[in-house]
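Below is one structure, written out as structure tokens; the observations come after it.
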Amino acid sequence: MKRNYILILFAVLAIAQIAVPAQMIFGREHILKTGTAYKFNTEPIDPSDPFKGKYIVLRYQVDRFKTSNKAWQREQDIYISIANDSLGFAKVISADLEAPETGDYVKAKVDWYTERDSTLHFSLPFNEFYMNETKAYSAELAHRKASRDSLPNNTYALVYVKNGEAVLDNVFINAIPIATFVEE
Amino acid sequence: MNSKLINELSDLVTNKVITQDTASRIEQYVLSKQQHKPNKLFTVFGVLGSLLIGLGVILILAHNWDNFTRSIKTVFAFLPLVIGQIFVAFSVWKKKSSVWKESSGTFLFFAIGSSIALVSQIYNIPGNLSTYILTWIVLSLPLIYILKSNTVALLNMIAITYYACEVGYSFSSFSESPWLYLVLMTLILPHYYSLLKNHTNANITSVFNWLFPLSVTIVLGTFVSQLSELGFLMYLLLFSLYYNMGKLPFFNEQKLRRNGYLVQGSLGIVIMVLTMSFDDFWYLERFFFNAQETYVSAILCAANVGLLIYSYSKGWLKTFNLFQYLFILFSILYVFGLNIPIVGTIVVNLMVLALGITTIKIGADKFHFGILNYGLLIITALVTCRFFDTNMSFVIRGLLFVSVGIGFFLTNYILLKKQKSKVESLKH
Chain A
1 MKRNYILILF AVLAIAQIAV PAQMIFGREH ILKTGTAYKF NTEPIDPSDP
51 FKGKYIVLRY QVDRFKTSNK AWQREQDIYI SIANDSLGFA KVISADLEAP
101 ETGDYVKAKV DWYTERDSTL HFSLPFNEFY MNETKAYSAE LAHRKASRDS
151 LPNNTYALVY VKNGEAVLDN VFINAIPIAT FVEE
Chain B
1001 MNSKLINELS DLVTNKVITQ DTASRIEQYV LSKQQHKPNK LFTVFGVLGS
1051 LLIGLGVILI LAHNWDNFTR SIKTVFAFLP LVIGQIFVAF SVWKKKSSVW
1101 KESSGTFLFF AIGSSIALVS QIYNIPGNLS TYILTWIVLS LPLIYILKSN
1151 TVALLNMIAI TYYACEVGYS FSSFSESPWL YLVLMTLILP HYYSLLKNHT
1201 NANITSVFNW LFPLSVTIVL GTFVSQLSEL GFLMYLLLFS LYYNMGKLPF
1251 FNEQKLRRNG YLVQGSLGIV IMVLTMSFDD FWYLERFFFN AQETYVSAIL
1301 CAANVGLLIY SYSKGWLKTF NLFQYLFILF SILYVFGLNI PIVGTIVVNL
1351 MVLALGITTI KIGADKFHFG ILNYGLLIIT ALVTCRFFDT NMSFVIRGLL
1401 FVSVGIGFFL TNYILLKKQK SKVESLKH
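If you read the sequences in order, they're chains A and B. The numbering of the first sequence is my numbering, which starts it at 1 and goes up by one. The numbering of the second sequence is my numbering, which starts it at 1001 and goes up by one.
Now the structure itself:
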């Protein structure tokens, strides 16, 4: 009898153990399928995580917004409304403390505010792109080379956005996925 | 260890210390005892195997196999998890031995971590290490009680400590006190308590006796936010609490190497007191009563007093041991002596000297050379510290060293002689 209770308890735990990663997957899959795709101009560098492997950190060119509002605190959660510009890249429309009711937006964190040029600096959360361990460093080199080309907007991240949540799908150099680009 | 005893038996019989009859009875007893115990070595290797495989799986998945599609990678994220779960369910269902339970639990522990990590990798979920570890702990902690697994308990304790350090000792300016650490550790306590109660003399219990206080020692510093001055008092109170716990008959009657509380408490107290014996230490200005550190210190102090009163009421405090009462003096010094550096310095130096002498006396009473020399080392450390920071003349410093050196010889010699005469008197 006691064994059955333990087994039921374990079944509940096992379901939870599966549910947590599964829920992480479903949420992301949903955004990838139904969210809007945005391209964010970016520049990568390469560190590594003991559990998740090698990744490149993306520094987005979308990282500031001119605003007269001065009431920002470091590390504060803010909502950045975005839209595509004429070249098809994401640009900031507004930055707010509340989630906007219409249009696409992403959650970000306040870095700092400079009063001199009344600019708000922030960090976008989807800044880690996980790569094969042999490719992460070459990706960084390839990017550095690509960014020396005079072509503008040649490296960007493809991000799907829905209801403030964002999933980083891939990173491109000259319109080729970065993993494929490194292989060539 | 038992086979060693059996090997000794024939020697004892030939020298006529015991009879052949007694020898065979001892042998039978030892062998029958061995049959009832599951093979310890088997458990150790089982656990080590799963530990290595689990860690290996995490590393292999971290390689990031980018030739596979997202869905195949997702399957790989769940594969180790489900395999681990099947093994655990099997061990519970078939009521397998602890070897099975410990090994399958260990493997499942790592499988949980690897599956969350792999999903984060596949979907580029930016990592906050502390949240990741917290999820891991929450999903694996119940396994301790489902499997009654010591290894899972230890792994969880390590993970919880790691989590607390990640939250509390972060190098950014946004580190905060990991209050959740207290909750999580409390969740492990019932398991530890049952070990202490039912397996008092097991090796795994002494591992807990060492790691549990060590974890608290590591994490206590995260509760110091602004008043780093009070941090020293907090640590002194904590070590004093360990010492007093180690002096409870339950722990004190065990071997010293199994009593992590006493050893860590004693070493901790000596190190803290030596640190405070420096002249500069007592030039402290800030002291607020209304701060997190003050509350933590107050709780630790109350716990010390409570434990002492309890021990007294049980009649356990037969001899005066300075280590047990030192915290009272230091709490008073902290509250009143902070602005009078000279008082603090002198009192603390005298205290260290007194601690050294107390230890030497304990060592001499117990005929324990290790403790005796530990006491002498305390005094040596004190003299060495003063060597650097006082303006004493070289002659006096030199004489101090010479006298401590002579002390080493004399005390060891006297103890050795005493011990010999004791052995002689036992013979006659």
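Ideal Cβ placement from N, Cα and C applies to all residues, glycine included. Small disclaimer: the values here were computed from a predicted structure and weren't measured.
Compare the C-alpha of B/Val1099 against each of B/Phe1110, B/Ile1060, B/Thr1151 and B/Gly1113 and name the closest. Here residue 1099 of chain B refers to the residue found at position 99 when the second sequence is read from its first residue. Ranking the options by Cα distance to B/Val1099, first place goes to B/Thr1151.
Considering Cα atoms alone, identify which of A/Ala19, A/Ile80 and A/Leu9 is closest to A/Ala108. To locate residue 108 of chain A, count along the first sequence from 1; it is residue 108. Cα-wise, what sits closest to A/Ala108 is A/Ile80.
A/Tyr156 bridges to which residues according to DSSP? As a first step, residue 156 of chain A must be located in the first sequence, where it is residue number 156. For A/Tyr156, which the question treats as bridged, DSSP gives the partners A/Asn41 and A/Phe172.
Around the C-beta of A/Ile15, are 16 or more other C-beta atoms found within 10 angstroms, so that it is buried, or is it exposed? By one-based count along the first sequence, residue 15 of chain A stands at place 15. Only exposed fits A/Ile15, as fewer than 16 other CB atoms lie within 10 angstroms of its CB.
Residue-level contact to chain B via CB, A/Arg144, 9 Å cutoff: If you number the first sequence from 1, residue 144 of chain A lands on position 144. Not an interface residue.
Please check if any C-beta of chain B sits within less than 9 Å of the C-beta of A/Ala179. Numbered from 1 along the first sequence, position 179 holds the residue referred to as residue 179 of chain A. For A/Ala179, the answer is yes, since a Cβ of chain B falls inside 9 Å of its Cβ.
Determine the DSSP secondary structure at B/Gly1344, reduced to helix, strand or coil. For the purposes of this step, residue 1344 of chain B is identified with residue 344 of the second sequence, where counting begins at 1. In the structure shown, B/Gly1344 falls within a helical segment according to DSSP collapsed to helix, strand and coil.
Residues sharing a beta bridge with A/Trp112, DSSP: The sequence position of residue 112 of chain A within the first sequence is 112, counting from 1. Listed as beta-bridge partners of A/Trp112 by DSSP are A/His121.
Any C-beta of chain A sitting closer than 9 Å to the C-beta of B/Ile1112? The sequence position of residue 1112 of chain B within the second sequence is 112, counting from 1. Interface residue, yes.
Output needed for B/Ala1117: all residues of its chain with C-beta closer than 8 Å, excluding positions within five of it in sequence on either side, in chain order. Against the second sequence, residue 1117 of chain B aligns to sequence position 117. Once the five neighbours on either side are set aside, the close Cβ partners of B/Ala1117 are Ile1058, Leu1061, Ala1062 and Tyr1132.
Quick one: what's got a C-beta closer than 7 Å to B/Leu1005's C-beta in the same chain, skipping five residues either side? Counting from 1 along the second sequence, the entry for residue 1005 of chain B is found at position 5. Excluding positions up to five away in sequence, the list reads Val1030.
Option in A/Val159, A/Val110 and A/Lys54 with minimal Cα separation from A/Thr134: Sequence index remark: in the first sequence, residue 134 of chain A carries index 134 (1-based). Taking only the C-alpha atoms, the option nearest A/Thr134 is A/Lys54.
Would DSSP call B/Val1224 helix, strand or coil? Numbered from 1 along the second sequence, position 224 holds the residue referred to as residue 1224 of chain B. It is coil, neither helix nor strand.
Given a cut-off of 9 Å on the beta-carbon distance, is the pair B/Leu1241 and B/Ser1297 in contact? Along the second sequence, one-based indexing puts residue 1241 of chain B at 241. Along the second sequence, one-based indexing puts residue 1297 of chain B at 297. Between B/Leu1241 and B/Ser1297, the gap from beta carbon to beta carbon reaches 9 Å or more.
For B/Pro1080, decide whether its Cβ has a neighbour in chain A, counting only Cβ atoms nearer than 9 Å. In the second sequence, the residue the question calls residue 1080 of chain B occupies position 80. Closer than 9 Å: no.
Helix, strand or coil at A/Leu58 according to DSSP, with G and I counted as helix: Reading the first sequence from its first residue, position 58 is the one you call residue 58 of chain A. Reduced to three states, the DSSP call for A/Leu58 is strand.
Jot down the residue ranges of each uninterrupted alpha helix (DSSP H) in the region 1341 to 1420 of chain B, minimum 4 residues, whole runs only, in chain order. Runs of the alpha helix (DSSP H) inside the region 1341 to 1420 of chain B: 1341 to 1366 and 1369 to 1389.
Kindly provide the ranges of any alpha helix (DSSP H) runs that are 4 or more residues long and lie completely inside the region 1016 to 1100 of chain B, ordered along the chain. 1020 to 1036, 1040 to 1062 and 1070 to 1093
Interface residues of the region 1196 to 1208 of chain B facing chain A [CB-CB below 9 Å]: Along the region 1196 to 1208 of chain B, none of the residues has a CB nearer than 9 Å to a CB of chain A.
Expressed to the nearest angstrom, what Euclidean distance is found between the alpha-carbon atoms of B/Cys1301 and B/Gln1324? Here residue 1301 of chain B is taken as the residue at index 301 of the second sequence, counted from 1. Here residue 1324 of chain B is taken as the residue at index 324 of the second sequence, counted from 1. Going by the C-alpha atoms only, they are around 12 Å apart.
Within chain B, partners of A/Asp82 - CB distance below 9 Å: Counted from its first residue, the first sequence places residue 82 of chain A at position 82. In the sequence as displayed, the identity of residue 82 of chain A is Ile instead of Asp. Neighbours of A/Ile82 on chain B: none; closest Cβ ~18 Å, over 9 Å.
Classify A/Lys91 as helix, strand or coil using the three-state DSSP reduction. As a working mapping, residue 91 of chain A is identified with position 91 in the first sequence. Of the three classes helix, strand and coil, the one that applies to A/Lys91 here is strand, per DSSP.
Can you check whether the C-beta of B/Val1057 is within less than 9 Å of a C-beta belonging to chain D? The chain labelled as chain D is not found among the protein chains of the depicted structure, namely A and B.
How many angstroms separate the CA atom of B/Arg1025 from the CA atom of B/Ser1032? The sequence position of residue 1025 of chain B within the second sequence is 25, counting from 1. The sequence position of residue 1032 of chain B within the second sequence is 32, counting from 1. Spanning the two alpha carbons is a distance of roughly 11 Å.
With a threshold of 9 Å between beta-carbons, can A/Ala25 be considered close to chain B, or not? One-based indexing of the first sequence puts residue 25 of chain A at position 25. The residue asked about is misnamed: residue 25 of chain A is Ile in this sequence, not Ala. A/Ile25 counts as touching chain B.
Would you say B/Val1119 faces chain A, with C-beta separation under 9 Å as the test? On the second sequence, residue 1119 of chain B is found 119 positions in, with the first residue counted as 1. Closer than 9 Å to some Cβ of chain A, the Cβ of B/Val1119 qualifies, so yes.
Is the closest heavy atom of the ligand PLP to the C-beta of B/Met1245 under 8 Å? Annotation note on the ligand PLP: not contained in the displayed structure, which lists no ligands.
Does the region 1341 to 1351 of chain B come close enough to the region 1373 to 1380 of chain B that 3 or more CB-CB pairs lie under 8 Å? no
Look at the Cβ atom of A/Phe122, then the Cβ atom of A/Leu168, and state whether they are nearer than 9 Å. Position 122 of the first sequence, counted from the first residue, corresponds to residue 122 of chain A. Position 168 of the first sequence, counted from the first residue, corresponds to residue 168 of chain A. The Cβ atoms of A/Phe122 and A/Leu168 lie no closer than 9 Å to each other.
Using the three-state DSSP reduction, which class does A/Ser68 fall into: helix, strand or coil? In the first sequence, counting from the first residue as 1, residue 68 of chain A sits at position 68. Coil, per DSSP.
Please state the DSSP three-state secondary structure of A/Ser98. Indexing the first sequence from 1 puts residue 98 of chain A at position 98. With the sequence shown as reference, residue 98 of chain A is identified as Glu, and Ser is not the correct amino acid for it. Coil at A/Glu98, not helix or strand.
Where does B/Asp1280 sit, in a helix, a strand or coil, going by DSSP? Along the second sequence, one-based indexing puts residue 1280 of chain B at 280. Helix, per DSSP.
Tell me whether B/Pro1249 sits in a helix, a strand or coil according to DSSP, three-state version. Here residue 1249 of chain B is taken as the residue at index 249 of the second sequence, counted from 1. Helix.
Indicate whether the contact test is met: 3 or more Cβ pairs, each with one atom in the region 1109 to 1116 of chain B and one in the region 1078 to 1085 of chain B, closer than 8 Å. yes
Under DSSP, the alpha helix (DSSP H) around B/Ala1164 begins and ends at which residues? The residue given as residue 1164 of chain B occupies position 164 in the second sequence. Where B/Ala1164 is concerned, the enclosing alpha helix (DSSP H) stretches over Asn1150 to Gly1168.
Where A/Asp85 falls: helix, strand or coil (DSSP): Numbered from its first residue, the first sequence carries residue 85 of chain A at position 85. Reduced to three states, the DSSP call for A/Asp85 is coil.
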